[in-house]
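> Residue numbering for the sequence shown follows the working numbering, beginning at 12 and increasing consecutively.
Glycine residues also receive a C-beta, built at the ideal position from the N, C-alpha and C atoms.
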Amino acid sequence: MTVSNGPQPDDGLSLRFWGVRGSTPVSGPEYAEFGGSTPCMEIRCGERLFLLDAGSGLGACGRHYRDGLMHALPQSIDLLFSHLHLDHTAGLPFFKPVILDAERTLNTYCGNLDGASAGEALERLFSPPLFPVSLDILPCTLAHHGFRAGETLTFADGARVDTILLNHPQGSVVYRFDHAGRRLCIISDIEHSDPWPDAALLDFVRGADLMVYDGMFTDCEYPVCRGWGHSTWQKGAELAQAAGVTAMAIIHLHPSHTDAMLHAMEAEMRVVMPSAFIARERQIVAVGAPARPTARSLPLALTA
Ligand SMILES: [Zn+2]
Ligand SMILES: [Zn+2]
12 MTVSNGPQPD
22 DGLSLRFWGV
32 RGSTPVSGPE
42 YAEFGGSTPC
52 MEIRCGERLF
62 LLDAGSGLGA
72 CGRHYRDGLM
82 HALPQSIDLL
92 FSHLHLDHTA
102 GLPFFKPVIL
112 DAERTLNTYC
122 GNLDGASAGE
132 ALERLFSPPL
142 FPVSLDILPC
152 TLAHHGFRAG
162 ETLTFADGAR
172 VDTILLNHPQ
182 GSVVYRFDHA
192 GRRLCIISDI
202 EHSDPWPDAA
212 LLDFVRGADL
222 MVYDGMFTDC
232 EYPVCRGWGH
242 STWQKGAELA
252 QAAGVTAMAI
262 IHLHPSHTDA
272 MLHAMEAEMR
282 VVMPSAFIAR
292 ERQIVAVGAP
302 ARPTARSLPL
312 ALTA
């Protein structure tokens, strides 16, 4: 597994974190390293792009491509929603290079609403007086697709993505990407069950090269946050180790967890699972690639 801030590999399976903060964006010098944007991830299966969630990190993703890289964005973009809570949707109208382009189509996929698409909820969210611009006046074509978590998504180009439902208020979907012999599972958001690990989830993530996991709380913090729909890095490590997962990245970072706290947490986590790390905004991970030091001056602790 290699981790960097440099260019993405053009083959294999890779992941870029555009937002890793949970619940609400944060800013300030104490968040400089891990970042303050809410969840948005870019998955590349070779050249094939998927976006996962439209948190505030989606704006940075759009700005990155706008600056001379628009050719790397397909005309038709697939955006998979884990679910529709605000921290996973509020960035949608700020994906400007795509939504302001009449030649582009943005397909959304939503699997936690009994087959309903995200269309109705997003239209409610992005309309006056909550938001000045309604989605139907955007130049791009928005196509909303609903499915039931548990189904395998199949796309016109033959791409396939597996899904199951997670324990979270209103449900949440985990997505599994298999490409070039590599497996990536993205779990955001989840509250672990008791007993743990959950048998169906264990089976779903088995053998993954990388599992991304909701580590909003620590085991110490969790007792007062029980029922809020989130988990801990400790439960993630239990699941990963039981399922033979090679590496784990923690996301959905608590808004009050500063860089200093996250560094301490990461050191503690790496004693339990040396290949685990806490995701940084803009970080790129080549899933399953052999570990080697990166060109940029990232701490070696990031090489997992
Ligand atoms: Zn969330
Ligand atoms: Zn949520």
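1) So the candidates are Glu131, Arg159, Phe45; which of them puts its Cα closest to the Cα of Asp147?
2) What separation, rounded to the nearest whole angstrom, lies between the Cα atoms of Asp125 and Glu249?
3) Using only alpha-carbon positions, find the residue among Gly299, Ala300, Gln294 that is nearest to Glu53.
4) Mind checking Gln86: buried by the 16 CB within 10 Å criterion, or exposed?
5) Residues bridged to Cys51 by DSSP?
6) On the DSSP letters alone, give me the boundaries of the beta strand (DSSP E) that Cys236 sits inside.
7) Does the beta-carbon of Val283 have 16 or more other beta-carbons within 10 angstroms, so that it is buried, or is it exposed?
8) Return helix, strand or coil for Ile110, following the three-state DSSP convention.
9) Please determine whether the Cβ atom of Gly122 lies at a distance below 8 Å from any heavy atom of ligand 2.
10) Between Leu221 and Phe45, is the Cβ-Cβ spacing less than 9 Å?
11) Using a Cβ-Cβ cut-off of 6 Å (strictly less than) and excluding sequence neighbours within five positions of Ala312, which residues of its own chain qualify?
12) Run the CB neighbour count on Gly218, radius 10 Å, all protein chains shown included, and call it buried at 16 or more, exposed below.
So, to answer that:
1) Comparing alpha carbon positions, the residue from Glu131, Arg159, Phe45 closest to Asp147 is Glu131.
2) Note on geometry: alpha-carbon atoms of Asp125 and Glu249 lie some 30 Å from one another.
3) If we check each option's Cα against that of Glu53, Gln294 comes out closest.
4) Label assigned to Gln86: exposed.
5) Beta-bridge pairing by DSSP links Cys51 to Gly30.
6) That residue, Cys236, is in no beta strand (DSSP E); its alpha helix (DSSP H) goes 233–236.
7) The C-beta of Val283 has fewer than 16 other C-beta atoms within 10 Å across all chains shown, which makes the residue exposed.
8) Helix.
9) Answer for Gly122: no, Cβ out of range of ligand 2.
10) Not a contact, by the Cβ cut-off of 9 Å.
11) With a pLDDT of only 32 at Ala312, under 50, the local geometry of the prediction cannot be trusted, and the value read off the model is given with reservation. No residues qualify anywhere along the chain.
12) Within 10 angstroms of the beta-carbon of Gly218 lie fewer than 16 other beta-carbons, which makes it exposed.
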